[in-house]
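Have a look at the structure below before the remarks.
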Amino acid sequence: MSGRSAVRRRVIAGAVAAVAVVLPASTAAHQSHALSNVTGPVSPAPKPTITPPGGAPFLPTLGDWEGTANGFPASFQLLYDPHSSSYEFKDMVLLQPNGCPVSSWHYSEGLVSPHRLRTLRHDGTYGLTNAGLGGGLTGPHSALLTHSYNAGSGSCSGALKWKLHPAQRRTVQDGTWKLQFADGESKKFTVLAGGRLATSIGLPSELASCRGPSGAVDLFIAANGQARVSQPDVAVSLKFSATSASGEITVPGGSCPRFTMTASLPKH
Numbered sequence: 662m663s664g665r666s667a668v669r670r671r672v673i674a675g676a677v678a679a680v681a682v683v684l685p686a687s688t689a690a691h692q693s694h695a696l697s698n699v700t701g702p703v704s705p706a707p708k709p710t711i712t713p714p715g716g717a718p719f720l721p722t723l724g725d726w727e728g729t730a731n732g733f734p735a736s737f738q739l740l741y742d743p744h745s746s747s748y749e750f751k752d753m754v755l756l757q758p759n760g761c762p763v764s765s766w767h768y769s770e771g772l773v774s775p776h777r778l779r780t781l782r783h784d785g786t787y788g789l790t791n792a793g794l795g796g797g798l799t800g801p802h803s804a805l806l807t808h809s810y811n812a813g814s815g816s817c818s819g820a821l822k823w824k825l826h827p828a829q830r831r832t833v834q835d836g837t838w839k840l841q842f843a844d845g846e847s848k849k850f851t852v853l854a855g856g857r858l859a860t861s862i863g864l865p866s867e868l869a870s871c872r873g874p875s876g877a878v879d880l881f882i883a884a885n886g887q888a889r890v891s892q893p894d895v896a897v898s899l900k901f902s903a904t905s906a907s908g909e910i911t912v913p914g915g916s917c918p919r920f921t922m923t924a925s926l927p928k929h
C-alpha cells in the first residue's frame, strides 16, 4: 500500500451519485429531529404501521440497525418524526468490494445522503432504487438491504444482500479527532455518519524507516466501538468510546515495530 489505502468513500445517494469524494469534517454535522414533548391532556397520535408488500402491518423498532453480508457491514439509524407522522432514516453506511479477487479488507464505503434525513416509504422500502439500493424493513426487527457491485469480471461482480436487525450502538461523537502515537507523532482524522466511519487515519511516518506502508486508512466503526482492518501489508485497530479511542498498527513479517496509539475528540 502506498499513497492511500485500498479503500475509498463515495456518496451513493444525494446530490451526486457514485462519485468518489473526500468529505470535509463539516459533513460530520448532520440533521437531527428532536421528538416533541406533548404536554397537557392530549395524547400523542399513535405511530403509523408499515405494511410491506404481501406482509402484515407492523411497528418498526426505532434506533440503530446493523447487518453484515459476506464480511461487509452496513448500518443506519431509524427515527420517527411526529410532525409528519413518518419514519426517517439517516447515517446509512455500507462497505462493498473494491478489488479483485473480492476480499473484506479491500472495500469502498458508501454513504447514503450524508447531509440529510430520508423518509422511509409506507411499505417500508428505502426509496433508493435510483441509487442502486434495494430492500427495506420487513418486520419489527428485520430489514433487507441490497446493492450490486462490479469490482472486476466473473466472480468479482455480483450483489450483496444484508439482513439487518436492531442493535445497541455505542455512542461515538462525530468530528475531527486528534491521533497520538507513542513516539510523539500526532495526526488528525475525521469521524462521521453518526460515529460509523473513521476516515483518513494516517499511518505513522516511522514506518518508512522499516520499509513499511505509507498513506491512510478508513475504518468502519462497529456497534461495539471496535474498528479494524487487516490488509496484507498492515493491520490497524482502534477501540472507540464517545470521545476517546486506543489501538495499534502492526506490519506482518516482523520488520516493523508495533505502533500503539490513542485518539481523542478535542473539547471546544
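All residue numbers for the sequence shown refer to my numbering, where the first residue is 662 and numbers rise by one. Think of the CB as a built atom: it goes at the ideal place given N, C-alpha and C, for glycine as much as any other residue.
In the DSSP assignment, serine 905 forms a beta bridge with Ser925. One thing to note: alanine 903 has its Cβ within 7 Å of the Cβ of threonine 832. Glycine 788 carries a coil assignment under DSSP once its states are collapsed to helix, strand and coil. Residue pairing by DSSP puts histidine 808 in a beta bridge opposite Leu794 and Leu821. Note that the C-beta distance between threonine 807 and alanine 820 is below 7 Å. The way I'd put it, the region 843–852 doesn't touch the region 742–752; fewer than three beta-carbon pairs between them come closer than 8 Å.
At a Cβ-Cβ threshold of 7 Å, lysine 824 and serine 925 do not count as neighbours. Uninterrupted alpha helix (DSSP H) stretches at least 4 residues long and entirely within the region 843–907 do not occur.
Going by DSSP, leucine 755 is part of the beta strand (DSSP E) stretching over 747–758. Here the C-alpha atom of histidine 802 lies approximately 29 Å from the C-alpha atom of leucine 899. By the Cβ criterion, the region 875–882 is not in contact with the region 776–784, since fewer than three pairs of Cβ atoms, one from each stretch, lie closer than 8 Å.
Close CB contacts of alanine 706 within its chain, under the 8 Å cut and outside five residues either way in sequence, are with Pro743 and Ser746 (chain order). Per DSSP, alanine 717 is not a residue of any beta strand (DSSP E), being assigned neither H nor E. Secondary structure at glycine 815: helix, using DSSP grouped into helix, strand and coil. With a cut-off of 8 Å on Cβ pairs, the region 784–791 is not in contact with the region 723–735, counting fewer than three such pairs.
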